[in-house]
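Heads up: the sequence shown is residues -21 to -1, 1 to 497, going by mature numbering (1 follows the signal peptide of the UniProt record, and there is no 0). The beta carbon of each residue, even a glycine, is placed where N, CA and C say it ideally should be. Working notes for the structure below.
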Amino acid sequence: MSLLFLLFLSLQLHLSPLSSSSSTTASAARHLHATASSCPLDFDVLRRLIQFSNRPKFDSVSISCHYIKAGLRLVQSEYLRTTNNFLPPIDSAESCWVSYQTLINDFFPNFNDIRKICGFQTSWIAEGCMNITTRDDFEGNVSKLALKDAVSACNQSLGNGSPCASCTTSLSSLQPSNLKGRSIGNLSDCTAYPSIYAAAFINRFGPTDEGTSQCLFGFDFSDLSNSNGRVRKIVICVVVMGCGFVLFLGCGGFWILRRKREKIRERSKVDQERETNLAFGMNSINESTTLVRYTFDEIREATKNFSRLNIIGRGGYGNVYKGVLPDGSEVALKRFKNCSVGGDAIFAHEVEVIASVRHVNLVALRGYCTATPPLEGHQRIIVCDLMRNGQPSLVTEWAWSLVKKGRALDVIEDGMPDLGPPEVMEKYVLVAVLCSHPQLYARPTMDQVVKILDMDTDLPVPSIPERPIPLNADIDDIERSVSSSGSGNLSTSTGYRTYTLENDCASNPTEGESSGGV
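Given below as structure tokens:
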């Protein structure tokens, strides 16, 4: 019994070390496997670059493999910057390929086996040029002067063409002419080392910078970048044009509104000035002690409602009526045609000036009338003395006597400056005498006067009819002349046509059909 116990105990003691050794071996194996499956390369830097940038289109295998190789070199450059090692351990090659394939699958699902499609071997990701694996190895195999030139050219932003060209030119001196040795595969070969090193240690922006990655690794997203850039430019242009159009409309509308307001202000200013002038003119008249402001009813009563029988003169600006005021005095009333309220200020000024003038050949101005009756329209009338006895001396009668004697030039005062030729001056005198003819029908119209005095037409002055009554004839003789004459002929060498006295506007119903010369 004791013999069996001793045998069992010896077997236990013999087997216990084996079990312990076996357990330790399994644990070590698991640790080694875990170490081998871990990839030290940080593919997230490439993920962020692709995620926040415009992704290239894998239109062909060569383009796809180019970007895969460029991405791996960028990740190796970041690994070199953080660890001073170019390559990961050889036992992590498989896990690094798996990590890289996962990244590619996330963005390019159809590219499901990069090693098979591009012909990459698993070990190439951990093997490089001439067994150079660290920063010190690389710097010990290149020229110090070439490295200094590379630092001077590449330590700047490489986003533009000129700095990038300068940098790549300087890096060409670090190419295989100085790195002579066996190059493993087509990933981290000798030609890629200068770019990987420059992005990691020379360029201050690092390998993940867009300009650096584009210049040193060929990470060219220009196709989609340009497309998005064009879209962005189009959007900017549309926005700018829209803002410009809105601004143009706003400025145009503001300018139009401003112009309208200025016109309104100008019209308001003119109206105010007109009202001021009107008030000033009327106040000046009212302050005069020699003028009387008659009412329209008083004027209508004095002229017997503007009877045609009371007309003693006609002209282009209106008719002259004989009237009798309530005090029995006879007056001449000039009723102006085509009046408006807006001209009352000028009328007031003219009346004031005329009233202030005193001359032997001018009749006195008694007063005026401005009114707007509902039927007749706006009225302006001046009231003057009617000279029946003791009329003013008229120079026209003296001039007529000289013209009858053929001495028309004697009418012109001696010593007058700037006299024209004798024939022209004689024409002026004859036209003046003709216009002052006592009979209305004999007077030419203003159009005829202008044509006669026009030097280009050179029309002769019509022959002057005899005066059946003198200019200073009694008023009854003038009235008979007016009532018996409505039209007439001027006998001239050029043959003036028969004319009727002009009517400038529709007559009032009480006047009948008015006609008048100038």
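- Per DSSP, reduced to three states, the secondary structure at residue 227 is helical.
- With respect to residue 282, residue 320 sits apart: the two C-beta atoms are not nearer than 9 Å.
- The DSSP-derived three-state label of residue 362 is strand.
- For residue 272, the three-state secondary structure derived from DSSP is strand.
- DSSP places residue 432 in the helix class (H, G or I) of the three-state scheme.
- When the Cα atoms are used, residue 90 and residue 104 turn out to be separated by approximately 19 Å.
- Ranked by Cα distance from residue 43, the first of 407, 197 and 413 is 197.
- Counting along the chain, no beta strand (DSSP E) covers residue 81; the unbroken alpha helix (DSSP H) around it starts and ends at 72 to 86.
- According to the DSSP assignment, residue 315 belongs to the beta strand (DSSP E) that extends over 309 to 315.
- With fewer than 16 other CB atoms across the displayed protein chains lying within 10 angstroms of its CB, residue 335 is exposed.
- By the Cβ criterion, the segment 282 to 302 is in contact with the segment 315 to 330, since at least three pairs of Cβ atoms, one from each stretch, lie closer than 8 Å.
- Residue burial annotation: residue 18 is buried, with at least 16 other C-beta atoms found within 10 angstroms of its C-beta.
- Annotation for residue 148: the continuous alpha helix (DSSP H) segment containing it runs 140 to 150.
- Judged by DSSP secondary structure, residue 348 falls within the beta strand (DSSP E) whose first and last residues are 344 to 350.
- Just so you know, the alpha carbons of residue 332 and residue 240 end up roughly 37 Å apart.
- Residue 230 sits away from residue 312, with the two beta carbons spaced by 9 Å or more.
- Residue pairing for residue 119: DSSP places it in no beta bridge.
- Taking residue 143 as the centre and dropping the five residues before and after it, the same chain places the C-beta of 137 and 194 closer than 7 Å to its C-beta, in chain order.
- Residue range 297 to 303 is occupied by the beta strand (DSSP E) that includes residue 299.
- DSSP, reduced to helix, strand and coil, places residue 52 within a helical segment of the structure shown.
- The three-state secondary structure of residue 282, taken from DSSP, is coil.
- Note that the segment 58 to 65 touches the segment 172 to 190; at least 3 beta-carbon pairs, one per stretch, sit closer than 8 Å.
- If you ignore the 5 residues before and after residue 45, its C-beta comes within less than 6 Å of no other C-beta in its own chain.
- When the alpha-carbon of residue 301 is set against those of 273, 181 and 366, the nearest one is in 366.
- Nearest to residue 431 by alpha-carbon distance, out of 445, 415 and 409, is 409.
- Here DSSP, grouped into helix, strand and coil, assigns residue 292 to strand.
- Following the DSSP letters along the chain, one finds residue 328 inside the alpha helix (DSSP H) bounded by residues 323 to 335.
- In the DSSP annotation of this structure, the continuous segment of the alpha helix (DSSP H) that includes residue 404 starts and ends at 401 to 414.
- Annotated three-state conformation of residue 61 is helix, per DSSP.
- Here residue 424 is not bridged, per DSSP, to any residue.
- The residues 94, 101 and 104, in chain order, have a CB closer than 7 Å to that of residue 76 in the same chain once the five nearest residues on each side in sequence are set aside.
- Residue 185 and residue 191 have their C-alpha atoms spaced approximately 7 Å apart.
- Cβ neighbours of residue 413 within its own chain (closer than 8 Å, five residues either side excluded): 421, 422, 423, 440, 441 and 443.
- Between residue 180 and the set 117, 377 and 86, the nearest pair of CA atoms involves 117.
- Where residue 30 is concerned, the enclosing alpha helix (DSSP H) starts and stops at 23 to 30.
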